[in-house]
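Accompanying notes for the structure given below.
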Amino acid sequence: MTTHPGENGEALRPEDPDRLGPYRLTGRLGRGGMGTVYLGEDDGGRRVAVKVINRELAGEASFRERFRREVTAARQVRRFCTAPVLDAELDHDPLYVVTEYIDGPSLEKAVRERGPLQGSDLDGLAVGVATALAAIHGAGIVHRDLKPANVLLSSTGPRVIDFGI
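Residue numbering for the sequence shown follows our numbering, beginning at 19 and increasing consecutively.
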């Protein structure tokens, strides 16, 4: 099991899996109400984010169906504005979804460390987030958890993640 944190995460804990399907997990990126997000790698060495759904939720048939619908819809969202879905386990425990790893801080972290965005930086962020939301809504998804922690500042512009299934 990995005991050192990934570049942008903390170390895996003893209770964490070190592999899910073809993905080797290397660290923890965060934990929320739905589950835990891990930093991982595919067999080719590409970094990915793997969100594992809490077992309590995964055990509910209605949640599993919503999860399946949302993952299917998320695959339709334009790649430039979010972390594209690469893979998902929709039928067996644990349920998980794999997305492209976006290298960049969250808006929440950037503002906390550097202060509020201003001027053209703020304008660019607003246009990028509005464009992302339009693309997400165009794929039939209502983002239920838009907040600074769910906007990643990538080198190519803001990416809106974690749709709050």
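All C-beta atoms, glycine included, are put in the ideal place defined by N, C-alpha and C.
(1) Output yes or no for whether 9 Å exceeds the beta carbon distance between Gly-58 and Tyr-41.
(2) Work out the CA separation of Asp-141 and Leu-108 for me, nearest whole Å.
(3) Count the other CB atoms within 10 Å of the CB of Val-145; is the residue buried (16 or more) or exposed (fewer)?
(4) Give every residue of the same chain whose Cβ lies closer than 6 Å to the Cβ of Asn-72, excluding the five residues on either side of it in the sequence, and list them in chain order.
(5) Let's see if you can read the secondary structure: which residues bound the beta strand (DSSP E) around Leu-43?
(6) Return the CA-CA distance between Asp-105 and Pro-123, expressed in angstroms with no decimal places.
(7) How many Å lie between Ala-67 and Val-115 at the Cα?
(8) Could you check where the alpha helix (DSSP H) with Val-145 kicks off and where it finishes?
(9) If you follow the beta strand (DSSP E) that Ser-172 is in, where does it begin and where does it stop?
(10) Going by beta carbon distance, what residues of the same chain come within less than 7 Å of Arg-64, once the five residues before and after it are set aside?
(11) Where do the ends of the beta strand (DSSP E) carrying Arg-84 lie?
(12) Please classify Met-19 as buried or exposed, where buried requires at least 16 neighbouring CB atoms within 10 angstroms.
(13) Identify every residue that forms a DSSP beta bridge with Ile-71.
Considering the structure as presented:
(1) yes
(2) If I take the Cα positions, the gap works out to 38 Å.
(3) exposed
(4) Gly-53
(5) 41 to 49
(6) 23 Å
(7) In this structure, the CA atom of Ala-67 is about 8 Å from the CA atom of Val-115.
(8) Taken as a continuous stretch (DSSP letters only), the alpha helix (DSSP H) holding Val-145 covers 137 to 156.
(9) 169 to 172
(10) none
(11) Here Arg-84 belongs to no beta strand (DSSP E); instead the alpha helix (DSSP H) covers 79 to 92.
(12) Because Met-19 sits at a pLDDT of 32, beneath the cut-off of 50, its placement in the model cannot be relied upon, and the following sentence gives the value as read from the coordinates. Residue environment for Met-19: exposed (fewer than 16 other C-beta atoms within 10 angstroms of its C-beta).
(13) Gly-53
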